[in-house]
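Worksheet: the structure to be examined is printed underneath.
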Amino acid sequence: MREQERAGSHVVFWQERGELLQHLYRVSEGRGSRRLMASGTGMSLRGRRVSAKSLDEDEAKSSEGSGDGYVRSVSNGRIDAEHVISKKLQLKQKAEQMKTDLLKQFDFQFNHFVDNLIDESTTLDSSDSPFLSSSVNKEQSTVAHRQTRAPPEKGKHFISRRSLLDELFQVNHIRTIYHMFIALLILFIVSTLVMDFIDEGRLVLDFDLLVYAFGRFPIVISTWLCMFLSTLLIPYGLFLQWAFGYQTSKRKVLQTMFYGALFLLFQIVGLWAAPVYTVIHFRLPPASRFIVILEQVRLMMKAHSFIRENFSRVVSNKEKNSGIQQTPQFSHYLYFLFAPTLIYRDSYPRNPTIRWSYVATKFAQVLGCLFYAYYIFVRLCIPLFRNISREPFSLKVLVLCIFNSILPGVLVLFLAFFAFLHCWLNAFAEMLQFADRMFYKDWWNSTSFANYYRTWNVVVHDWLYYYAYKDFLWLFTHRFRAAAMLSVFTVSAVVHEYVLAICFGFFYPVLFCLFMCFGMAFNFVLHDRRKGPVWNVVMWTSLFLGQGMLVCLYSQEWYAQQNCPLTNPSFLDLLKPRSWTCRLHS
Numbered sequence: 154m155r156e157q158e159r160a161g162s163h164v165v166f167w168q169e170r171g172e173l174l175q176h177l178y179r180v181s182e183g184r185g186s187r188r189l190m191a192s193g194t195g196m197s198l199r200g201r202r203v204s205a206k207s208l209d210e211d212e213a214k215s216s217e218g219s220g221d222g223y224v225r226s227v228s229n230g231r232i233d234a235e236h237v238i239s240k241k242l243q244l245k246q247k248a249e250q251m252k253t254d255l256l257k258q259f260d261f262q263f264n265h266f267v268d269n270l271i272d273e274s275t276t277l278d279s280s281d282s283p284f285l286s287s288s289v290n291k292e293q294s295t296v297a298h299r300q301t302r303a304p305p306e307k308g309k310h311f312i313s314r315r316s317l318l319d320e321l322f323q324v325n326h327i328r329t330i331y332h333m334f335i336a337l338l339i340l341f342i343v344s345t346l347v348m349d350f351i352d353e354g355r356l357v358l359d360f361d362l363l364v365y366a367f368g369r370f371p372i373v374i375s376t377w378l379c380m381f382l383s384t385l386l387i388p389y390g391l392f393l394q395w396a397f398g399y400q401t402s403k404r405k406v407l408q409t410m411f412y413g414a415l416f417l418l419f420q421i422v423g424l425w426a427a428p429v430y431t432v433i434h435f436r437l438p439p440a441s442r443f444i445v446i447l448e449q450v451r452l453m454m455k456a457h458s459f460i461r462e463n464f465s466r467v468v469s470n471k472e473k474n475s476g477i478q479q480t481p482q483f484s485h486y487l488y489f490l491f492a493p494t495l496i497y498r499d500s501y502p503r504n505p506t507i508r509w510s511y512v513a514t515k516f517a518q519v520l521g522c523l524f525y526a527y528y529i530f531v532r533l534c535i536p537l538f539r540n541i542s543r544e545p546f547s548l549k550v551l552v553l554c555i556f557n558s559i560l561p562g563v564l565v566l567f568l569a570f571f572a573f574l575h576c577w578l579n580a581f582a583e584m585l586q587f588a589d590r591m592f593y594k595d596w597w598n599s600t601s602f603a604n605y606y607r608t609w610n611v612v613v614h615d616w617l618y619y620y621a622y623k624d625f626l627w628l629f630t631h632r633f634r635a636a637a638m639l640s641v642f643t644v645s646a647v648v649h650e651y652v653l654a655i656c657f658g659f660f661y662p663v664l665f666c667l668f669m670c671f672g673m674a675f676n677f678v679l680h681d682r683r684k685g686p687v688w689n690v691v692m693w694t695s696l697f698l699g700q701g702m703l704v705c706l707y708s709q710e711w712y713a714q715q716n717c718p719l720t721n722p723s724f725l726d727l728l729k730p731r732s733w734t735c736r737l738h739s
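What follows is the structure, encoded as structure tokens:
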């Protein structure tokens, strides 16, 4: 109620300012016209009573006495009407510009206020309210909570809103930062060309690293098509068969377990084992592996969301004679597989039109980010790590490596965020007319790692919150919130490390250790009660050091795997980092 009253007071305040501005504009317009009429009448009367000479003197005095700059006299006794009209037009333009600016400012602030209000209201858990818990018996609420899962309408609410960077780039000061990154890319390109010209005696435009990283792309396309078609047909077909027979079956639990086992078998064999075998058997390069594995994870999460949301719908409406009305349409599921969200809904807020120029701009920015990453690795990473195995290992070498890796690590972090979470997702959202563009929040303003985890990647966070955290509490009641949070961190850390291990071709759990050790510790130490700019500095410092450690250690291990291959490695050799023992002699 306080938030609604605050919103109403904001509206009344800005309406009163708009009315006051219009009133001042009308008053000023009427005052100018009255001056014009009064001055014109006085001049015409004087012209009838006096001679031409006395008329000139009176007009000069009248002109000097007015002193307001709105009325001027000329020698023939007429008012300079053009000058008065131009002044009126200038005043009108200023008033209209001021009105437009005020309305824009009000629209931005009010939309931001309403978005925050909706986000806070939708994330409220009714069981956490002391007023509700005092009026309802705890045992009855626990039993009722465990009988049925939360229906979809109590989950995430989708509303029409723009991405935060699209709004911030309307401000010239913020857009200047974007221009600074473009200037840095130009400097990378120029420095690379100059160095190639000095070394080779000619300009070398060779993108061999990109060609290698995205090699064997036809295998990537064919693998993706197999994954997509199987995800499109098998989960939908299994759910359809289960829903049609669920209402009339006398053994509902047995039937549900049977179809659930089939779906789990498809997830393990069809979406997990087959793509992993493909990338390893065909020895796909790193970037091609990233495409396959990330699409694998995305499709698995989408299939789970589709089954999870519609399962609750059919089970909660079991009093109906048929499950046909509870099954989603095939077109809805097809749209969901392409939509930039991991939470299934039958419909989403849609935009009326498609801005194809916006789509082209976003894809061009993604391409620019790829070249940006290429020059970062060529200029900052490869010269640093190419010969690092030839140096004897020491603590000094490790510390210098971490600090030298901070700059490329942070730049890669920014590029990954901008290219994927902003450009790529917004491009697909625009093509699909998907109106809810909140793929991230202002994570750069976070003063705690808890807030950073919630705002960095909203798409994945929503999936983890509703299907890992909330479902864990549904299974083990709300007394195990710490265990639920630990399970979410474990799932996220395992999936991240799995992606890196498959894509790089070696097991080196640096990210897992940072996630489970420092990430968990910072989540409880740097919690939401930490406010102020000092904690934002602490968060950024920790993030910079973490990125430096990741780039340094994974790069060392990559070159150690290349420089010190093993002929017949044992299982322990595959688990032990090669960079610990690989030393080349000059």
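Each position in the sequence shown, counted from 1, maps to that position plus 153 in my numbering. Using N, Cα and C, we set each Cβ at its ideal position, and we do this for glycine too. Computed from a prediction, not measured in an experiment: that's the story for all the values here.
Tyr-365 is classed as exposed because its beta carbon has fewer than 16 other beta carbons within 10 Å across all chains shown. Around the beta carbon of Tyr-430, a 10 Å sphere encloses fewer than 16 other beta carbons of the protein chains shown; the residue is thus reported as exposed.
Burial check for Glu-353: the Cβ neighbour count within 10 Å stays below 16, so the residue is exposed.
Asp-359 sits in coil when the DSSP states are folded into three classes, being neither helix nor strand.
The count of Cβ pairs closer than 8 Å, one atom from the segment 660–676 and one from the segment 640–649, reaches three, so the stretches are in contact. For Phe-668, the closest C-alpha among the options Leu-703, Leu-585, Val-468 is that of Leu-703. Looking from the CA of Arg-314, the closest CA among Arg-632, Gln-714, Leu-617, Arg-590 belongs to Arg-590.
Listed in chain order, the alpha helix (DSSP H) elements of length 4 or more contained wholly in the segment 662–717 are 663–666, 673–678, 686–716.
With contacts defined by Cβ atoms closer than 8 Å, Leu-447 and Phe-416 do not form a contacting pair. The continuous stretches of alpha helix (DSSP H) do not include His-575, and DSSP gives it neither H nor E. The secondary-structure analysis by DSSP pairs Arg-369 with nothing; it has no beta-bridge partner. Relative to the Cα of Pro-502, the nearest Cα in the group Phe-530, Leu-553, Phe-587, Thr-630 belongs to Phe-587.
A Cβ-Cβ distance of about 5 Å is found for the pair Pro-561 and Cys-534, placing them in contact under the 8 Å criterion. Val-531 sits away from Gln-700, with the two beta carbons spaced by 8 Å or more. When the Cα atoms are used, Asp-319 and Asn-579 turn out to be separated by approximately 10 Å. In this structure, the CA atom of Thr-734 is about 15 Å from the CA atom of Phe-660. For Arg-461, the enclosing alpha helix (DSSP H) stretches over residues 439–469. Under DSSP, the beta-bridge partners assigned to Phe-587 are Arg-503. With respect to the C-alpha of Ser-316, the residue from Thr-608, Thr-345, Ser-458 having the closest C-alpha is Thr-608.
The DSSP-derived three-state label of Arg-314 is strand. In terms of Cβ geometry, Leu-385 and Leu-487 form a close pair [threshold 8 Å]. Apart from the 5 residues on each side of it in sequence, Ser-732 sits with its Cβ closer than 6 Å to the Cβ of Gln-709, Glu-710, Ala-713 in its chain, given in chain order.
Annotated as distal: Glu-650 and Phe-633, with beta-carbon spacing of 8 Å or more.
The three-state reading of DSSP puts Asp-726 in helix, counting H, G and I together. Going by DSSP, Pro-561 is part of the alpha helix (DSSP H) stretching over 559–569. Under the DSSP assignment, Trp-509 falls in the alpha helix (DSSP H) whose first and last residues are 509–529.
Per DSSP, the unbroken alpha helix (DSSP H) holding His-434 starts and ends at 427–434. In this structure, the CA atom of Asn-325 is about 59 Å from the CA atom of Phe-411. With fewer than 16 neighbouring CB atoms inside 10 Å of its own CB, Ser-510 falls in the exposed class.
In the structure shown, the three-state DSSP call for Gln-400 is coil. Under the 10 Å beta carbon count, Lys-309 is surrounded by 16 or more other beta carbons and is classified as buried. The DSSP-derived three-state label of Thr-376 is helix. The segment 366–374 makes contact with the segment 439–455: 3 or more CB pairs, one atom from each, lie closer than 8 Å.
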